[in-house]
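Written out below as structure tokens is the structure these notes cover.
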Amino acid sequence: MLDVRAISKRFGHVQAVRELSFQVAPGETYGLLGPNGAGKSTAISVIAGLLVPDDGDVHVHGERITTRSTAARGAIGLVPQEVAVYPDLTARENLRFFGRLYGLAGADLDARVDEVLEVIGLTERAGDRSSEFSGGMNRRLNIGIGLLHRPQLLILDEPTVGVDPQSRNAILDSVEQLSGAGMAVLYTTHYMEEAERLCDRIGIIDEGRLQAEGTRRELTTSIGERDTIRIEASGHLEAAALAIQGIDGVVEATSADGSIRVLAVDAGAVIAEAIAIVSGDGGNVSSVEIAQPDLEAVFLHLTGKALRD
Numbered sequence: 037m038l039d040v041r042a043i044s045k046r047f048g049h050v051q052a053v054r055e056l057s058f059q060v061a062p063g064e065t066y067g068l069l070g071p072n073g074a075g076k077s078t079a080i081s082v083i084a085g086l087l088v089p090d091d092g093d094v095h096v097h098g099e100r101i102t103t104r105s106t107a108a109r110g111a112i113g114l115v116p117q118e119v120a121v122y123p124d125l126t127a128r129e130n131l132r133f134f135g136r137l138y139g140l141a142g143a144d145l146d147a148r149v150d151e152v153l154e155v156i157g158l159t160e161r162a163g164d165r166s167s168e169f170s171g172g173m174n175r176r177l178n179i180g181i182g183l184l185h186r187p188q189l190l191i192l193d194e195p196t197v198g199v200d201p202q203s204r205n206a207i208l209d210s211v212e213q214l215s216g217a218g219m220a221v222l223y224t225t226h227y228m229e230e231a232e233r234l235c236d237r238i239g240i241i242d243e244g245r246l247q248a249e250g251t252r253r254e255l256t257t258s259i260g261e262r263d264t265i266r267i268e269a270s271g272h273l274e275a276a277a278l279a280i281q282g283i284d285g286v287v288e289a290t291s292a293d294g295s296i297r298v299l300a301v302d303a304g305a306v307i308a309e310a311i312a313i314v315s316g317d318g319g320n321v322s323s324v325e326i327a328q329p330d331l332e333a334v335f336l337h338l339t340g341k342a343l344r345d
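Shown next as structure tokens:
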């Protein structure tokens with residue numbers, strides 16, 4: 037659905053985006069994860085046809101995107117980082133206004149407005165002015181505007197910045213539903229937990245360049261990170277740890293202070309057999325903890341700095 041081919045963009049002496057390439061398939065949520073100033077919003081502006089790249093190009097559904105390509109840009113729903121709604125209009129009036137700009141009219145417009153209000157959870161507040169809404173509610177309305185014309189690709193640029201936890205969760209729920217319905221979603225964020233929750237694949241971007249991409253598991257595995265299992269138990273733990281060491285997928289197993297620490301490629305694939313070994317040797321398992329490596333560790337490894345630096 038989206039094919040970004042080696043785009044670059046410079047502003048004076050600042051190279052905002054450097055030969056950025058990636059693809060997004062229908063029904064996939066692709067996350068661009070990086071700190072503020074990494075080049076995410078500039079990349080979004082180029083992809084949406086708002087900025088002309090210095091090099092490279094962008095194709096949506098096979099059509100090349102330019103600042104003049106009306107038809108190709110019509111396949112995109114853009115939700116900018118800054119909220120773009122009219123405060124003196126109600127939620128329904130905002131949606132009807134932007135729907136008419138998209139070319140919707142009559143019964144189709146009315147039905148689509150009702151559908152979008154349901155998706156963004158504002159049906160009961162449809163008659164209230166957006167000036168009366170919280171920041172999170174206005175961000176949900178902002179997403180609704182981007183959905184009105186049934187885009188094939190939805191671009192969300194930092195949609196949860198500055199919102200309360202309840203609204204943030206509602207936004208994330210909505211995004212999950214959209215990708216599940218077959219829409220391609222490009223999602224930029226500097227929140228690691230959002231990328232881990234929503235995204236099928238993640239591109240880590242820093243200083244305008246794509247540093248790595250893949251699923252969370254692929255990214256953490258690529259830097260040698262492993263799952264950690266901690267089994268607290270009584271019994272012959274040294275012998276149990278030695279036996280666990282022989283399980284396929286276990287990198288290391290050691291015992292100390294009434295527990296066994298296991299490093300594994302995939303904790304889910306070995307946990308049952310490890311517990312069975314401890315219990316089968318007369319041990320009594322009191323607790324099990326699993327810790328998986330996160331994207332913060334990947335980002336630190338690739339860039340030498342924390343995600344929020």
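Numbering (this note's numbering), first residue to last: 37 to 345.
Every residue gets a Cβ at the ideal spot worked out from N, C-alpha and C, and that includes glycine.
Just so you know, these numbers come straight off a predicted model, no measurement behind them.
Practice task
State buried or exposed for Asn178, treating a residue as buried only when at least 16 other CB atoms are found within 10 Å of its CB.
Solution key: buried
Problem - C-beta atoms of Val96 and Leu183 nearer than 7 Å - result: no
Practice task
Could you please give me the residues that DSSP links to Gly239 through a beta bridge?
Solution key: Leu68 and Glu249
Handout entry: Beta-carbon proximity of Ala217 to Thr225, cut-off 7 Å
Key = no
Problem - Rounded straight-line distance, which links the Cα of Lys45 to that of Thr78 - result: 8 Å
Handout entry: Every unbroken beta strand (DSSP E) within the stretch 256 to 338, with a cutoff of 3 residues, ordered by chain
Key = 263 to 270, 286 to 292, 295 to 300 and 320 to 327
Practice task
Quick one: using the 10 Å Cβ neighbour count with 16 as the cut-off for buried, is Lys341 buried or exposed?
Solution key: exposed
Problem - Arg148 in three-state terms, based on DSSP - result: helix
Handout entry: Assigned exposure category for Ser323 - 16 Cβ within 10 Å defines buried
Key = exposed
Practice task
Note down the Cα distance separating Pro187 from Val115, rounded to an integer number of angstroms.
Solution key: 12 Å
Handout entry: Nearest neighbour of Ser227, chosen from Ile238, Ala220 and Met219 [CA to CA]
Key = Just to set this straight, residue 227 is Tyr in the shown sequence, not Ser. Ranking the options by Cα distance to Tyr227, first place goes to Ile238.
Exercise for the section: Take every Cβ of the stretch 153 to 162, pair it with every Cβ of the stretch 106 to 115, and state whether three or more of those distances are shorter than 8 Å. Expected result: no
Problem - Three-way DSSP call (helix, strand, coil) for Phe133 in this model - result: helix
Practice task
Could you say if the stretch 238 to 247 and the stretch 60 to 72 meet the contact criterion of at least three C-beta pairs nearer than 8 Å?
Solution key: yes
Problem - Same chain only: Cβ atoms within 6 Å of Ala410, ignoring 5 sequence neighbours per side - result: Limits of the chain in this structure are 37 at one end and 345 at the other, which puts residue 410 out of reach.
Exercise for the section: Check Thr78 in the structure and name its three-state DSSP category. Expected result: helix
Problem - Nearest-angstrom Cβ-Cβ length linking Ala136 and Ile156, presumed shorter than 8 Å - result: At residue 136 the sequence reads Arg, which differs from the Ala that was named. Actually they do not touch by this definition, with Cβ atoms about 19 Å apart.
Handout entry: Per DSSP, the bridge partner or partners of Val53
Key = Lys45
Handout entry: Ser170 classed as buried or exposed, judged by whether at least 16 other C-beta atoms fall within 10 angstroms
Key = exposed
Exercise for the section: Could you please give the first and the last residue of the uninterrupted beta strand (DSSP E) stretch that includes Thr225? Expected result: Ala220 to Thr225
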